[in-house]
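Presented below is the structure to which this report refers.
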Amino acid sequence: MQIATWNVNSARARTERIVQFLQRTNVDVLAMQEIKCKPEQFPVGRLEEIGYKVISHGLNQWNGVAFAYKAELEPEDIETEFPYQPQFKEVTEARALGATFDGVRLWSLYVPHGRALDDPHMQYKLEFLDRLASHANDLVNEHPGGQVALMGDFNIAPLDSDVFDVAFFETHVSAPEREAFSAFDQIGYSDLHRDFVPVGYTYWDYQDLRFPRNEGMRIDFVLSSPELTDRISAGSIERDERKGETPSDHVPVISVLTD
DNA sequence: ATGACTCGACTATCGAGA
Numbered sequence: 004m005q006i007a008t009w010n011v012n013s014a015r016a017r018t019e020r021i022v023q024f025l026q027r028t029n030v031d032v033l034a035m036q037e038i039k040c041k042p043e044q045f046p047v048g049r050l051e052e053i054g055y056k057v058i059s060h061g062l063n064q065w066n067g068v069a070f071a072y073k074a075e076l077e078p079e080d081i082e083t084e085f086p087y088q089p090q091f092k093e094v095t096e097a098r099a100l101g102a103t104f105d106g107v108r109l110w111s112l113y114v115p116h117g118r119a120l121d122d123p124h125m126q127y128k129l130e131f132l133d134r135l136a137s138h139a140n141d142l143v144n145e146h147p148g149g150q151v152a153l154m155g156d157f158n159i160a161p162l163d164s165d166v167f168d169v170a171f172f173e174t175h176v177s178a179p180e181r182e183a184f185s186a187f188d189q190i191g192y193s194d195l196h197r198d199f200v201p202v203g204y205t206y207w208d209y210q211d212l213r214f215p216r217n218e219g220m221r222i223d224f225v226l227s228s229p230e231l232t233d234r235i236s237a238g239s240i241e242r243d244e245r246k247g248e249t250p251s252d253h254v255p256v257i258s259v260l261t262d
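Throughout the first sequence, residue numbering follows the working numbering, covering 4 to 262 in sequence.
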């Protein structure tokens, strides 16, 4: 099974990009973030034409998460939030979508940005990660041998080498954020791509020629439970997806799992 | 070239992104 994650920065603006990616890679499940639409606005018909179905969760033009999956798969136990997922301004935002495919529990996740170190959004981000780690820990404790993948835009660069200039950034590289990210390692989850692609970015800002200058950030990850980590046979960052007409500012990350 | 932001929204500036 091949799974992928991609912050598409609008499902509607990126429809043909998504279609071409699915046709080119033939992935079984694609977790998407920042779909920026409600389910009734998602271009479901276009994906059905190429043999994929869609589950999406979006409240408005912000955030939004989804799965595109091969039509023959049957997702189970769909959840549009995880237990104790924090709210922002009394709203549980569309930042998490869970579904089980062929016995593998997948979460499509769009971790809050944080905005600034002293912004309330940063506390929201840290709480979101803390409660996500709690849930991830519960999943493997309650189901020993459970295969779980936390897939998405974590909005954290864990290593200095994951950004083009660590001094340029305040958020995404701070100690509290990296500590929150390392909690997943402490409960046994692994970065599924680091061994295959030790160096490389997944995001380049649209501004200031960031992509031509290769000034990016590595902030999109697949964090896997031990039993799923045992199945990984290849991983890639699809850097070429940042090229061409109207790309997302993020590129897809693909994981190949043995059967 | 991979080239100087982009998206969707109260359609015209603006919040948000990172």
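Virtual Cβ for every residue (Gly too), placed ideally from N, Cα, C.
Under the rule that 16 or more other beta-carbon atoms within 10 Å means buried, what is residue i, buried or exposed?
| i | result |
| --- | --- |
| W9 | buried |
| F45 | buried |
| N12 | buried |
| S236 | exposed |
| D121 | exposed |
| V143 | buried |
| R245 | buried |
| R216 | exposed |
| D165 | buried |
| E19 | exposed |
| E93 | exposed |
| E145 | exposed |
If the criterion is Cβ atoms closer than 8 Å, does the pair residue i and residue j meet it?
| i | j | result |
| --- | --- | --- |
| V32 | V47 | no |
| N230 | G148 | Contrary to the premise, residue 230 reads as Glu rather than Asn in this sequence. Contact: yes. |
| A102 | I81 | yes |
| D190 | A152 | With the sequence shown as reference, residue 190 is identified as Ile, and Asp is not the correct amino acid for it. Not closer than 8 Å, so no. |
| G219 | F167 | yes |
| Y55 | A34 | no |
| V22 | L50 | yes |
| Y127 | P89 | yes |
| T28 | A7 | yes |
| L76 | F104 | yes |
| T232 | S193 | yes |
| Q36 | D198 | no |
Within the same chain, show all residues whose beta-carbon is closer than 8 Å to that of residue i, passing over the 5 residues directly before and after it, in chain order.
| i | result |
| --- | --- |
| G61 | I38, K39, C40, K41, P42, Q44, F45, G67, V68, A69 and A97 |
| Q26 | I53 |
| F85 | A99, G101, W110, R134, L135 and H138 |
| H196 | F224, V225, G238, S239, I240, V256 and S258 |
| H124 | F91, P115, H116, G117 and R118 |
| R17 | V11, T249 and S251 |
| G1 | Coverage of the chain is limited to positions 4 through 262, which leaves residue 1 absent and any answer about it impossible. |
Go through its chain and collect everything with a Cβ distance to residue i's Cβ below 6 Å, but skip five positions before and after it.
| i | result |
| --- | --- |
| T174 | G117 |
| L132 | A183 |
| R234 | L260 and T261 |
| R108 | V151 |
| V169 | D163 and V176 |
| Q64 | K39 |
| E180 | I159 |
Could you pull out every residue in the same chain whose Cβ sits closer than 7 Å to the Cβ of residue i, ignoring the five residues on either side in sequence?
| i | result |
| --- | --- |
| T95 | E84 and Q88 |
(message) Below 8 Å, how does it come out for the region 215 to 229 and the region 151 to 162: are there three or more Cβ pairs, yes or no?
(response) Three or more pairs of CB atoms, one per stretch, sit closer than 8 Å, so the region 215 to 229 contacts the region 151 to 162.
(request) Please go through the region 40 to 104 and give each complete alpha helix (DSSP H) segment of 4 or more residues, from N-terminal end onward. (result) 47 to 52
(message) Which complete alpha helix (DSSP H) runs does the region 108 to 134 hold, if anything under 4 residues is left out?
(response) As for any alpha helix (DSSP H) of minimum length 4 sitting wholly inside the region 108 to 134, there is none.
(request) Kindly provide the ranges of any alpha helix (DSSP H) runs that are 4 or more residues long and lie completely inside the region 207 to 236, ordered along the chain. (result) 229 to 232
(request) Return the chain-ordered ranges of every beta strand (DSSP E) run that is complete within the region 122 to 202 and spans a minimum of 3 residues. (result) 150 to 156
(request) May I ask you to verify whether the region 248 to 255 touches the region 202 to 209, counting CB pairs closer than 8 Å and requiring at least 3? (result) yes
(message) Assess contact between the region 239 to 247 and the region 176 to 189, defined as three or more Cβ pairs (one per stretch) separated by less than 8 Å. Is contact present?
(response) no
(message) If we require 3 or more residues per run, which beta strand (DSSP E) segments fall completely within the region 7 to 38?
(response) 32 to 36
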